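In UniProt numbering, the protein residues as written are 1 to 131. Note sheet for the following structure.
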Amino acid sequence: MLYERPNYQGYQYFLRRGDYPDYQQWMGFSDSIRSCCLIPQTASHRLRLYEREDHKGLMMELSEDCSCIQDRFHLSEVRSFHVLEGCWVLYELPNYRGRQYLLRPQEYRRYHDWGAVDAKAGSLRRVVDLY
């Protein structure tokens, strides 16, 4: 995972295996990368998403990628997550587009906890690339 600012802050970019000769190839907003981290690989993935903060309201569970949260769960916003297994990338827009947020196994009680400025949630993808 690449980060635009030091200490894992700013825009996040999840890059799959491949060549990226220019920041625009990974849909970057800036050509500045100031920190990065490796994402641990796991065999299984499971998370719960909630329509309200603090794990309240309607709860849905995922163990596979979801290209459109709106189509699958009739939600355009997700207010909290509980990542039970594996790492995931949350995308702001459907079809794995827009701002990206790395979700590690832990509880995220509100969208600020995963670094977002709002609760927009378009798609979710499991981190499964093996090198």
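The C-beta atom is built at its ideal place from N, Cα and C for all residues, glycine as well. For clarity, every value in this text was computed on a predicted model and none was experimentally measured.
Helix, strand or coil at residue i [DSSP, three-state]
i: Glu-107; result: strand
i: Gln-12; result: strand
i: Glu-53; result: helix
i: Gln-70; result: helix
i: Tyr-131; result: Confidence in Tyr-131 is poor, its pLDDT being 46 and thus under 50, which makes the residue's placement unreliable; the coordinate value appears in the next sentence. Here Tyr-131 sits in coil by DSSP.
Nearest-angstrom Cα separation, counted from residue j out to residue i
i: Asn-95; j: Glu-61; result: 19 Å
i: Arg-104; j: Asp-65; result: 15 Å
i: Leu-40; j: Gly-57; result: Rather than Leu, the amino acid found at residue 40 in this sequence is Pro. Approximately 30 Å between the Cα atoms of the pair.
i: His-112; j: Asp-118; result: 8 Å
i: Glu-77; j: Asp-54; result: 14 Å
i: Arg-52; j: Val-127; result: 25 Å
i: Asp-129; j: Lys-120; result: 25 Å
i: Gly-122; j: Arg-99; result: 10 Å
Exposure label - residue i; buried when at least 16 CB within 10 Å
i: Leu-2; result: buried
i: His-74; result: exposed
i: Leu-38; result: exposed
i: Glu-107; result: exposed
i: Ala-43; result: exposed
i: Tyr-50; result: buried
i: Ser-30; result: exposed
i: Gln-12; result: buried
i: Tyr-91; result: buried
i: Arg-5; result: exposed
Bounding residues of the beta strand (DSSP E) (the contiguous stretch that carries residue i)
i: Phe-81; result: 80-85
Which listed residue (the options) has its alpha carbon closest to that of residue i
i: Leu-102; options: Arg-125, Leu-93, Gly-18; result: Arg-125
i: Leu-93; options: His-82, Gln-70, Ser-44, Ser-63; result: Gln-70
i: Gly-115; options: Arg-17, Phe-81, Pro-21; result: Phe-81
i: Val-83; options: Tyr-20, Met-59, Ile-33, Ser-30; result: Met-59
i: Arg-79; options: Arg-110, Gln-100, Pro-21; result: Arg-110
i: Gly-10; options: Tyr-20, Ile-33, Arg-17; result: Ile-33
i: Glu-85; options: Leu-47, Asp-129, Cys-36; result: Leu-47
i: Trp-88; options: Ser-63, Cys-68, Arg-72; result: Ser-63
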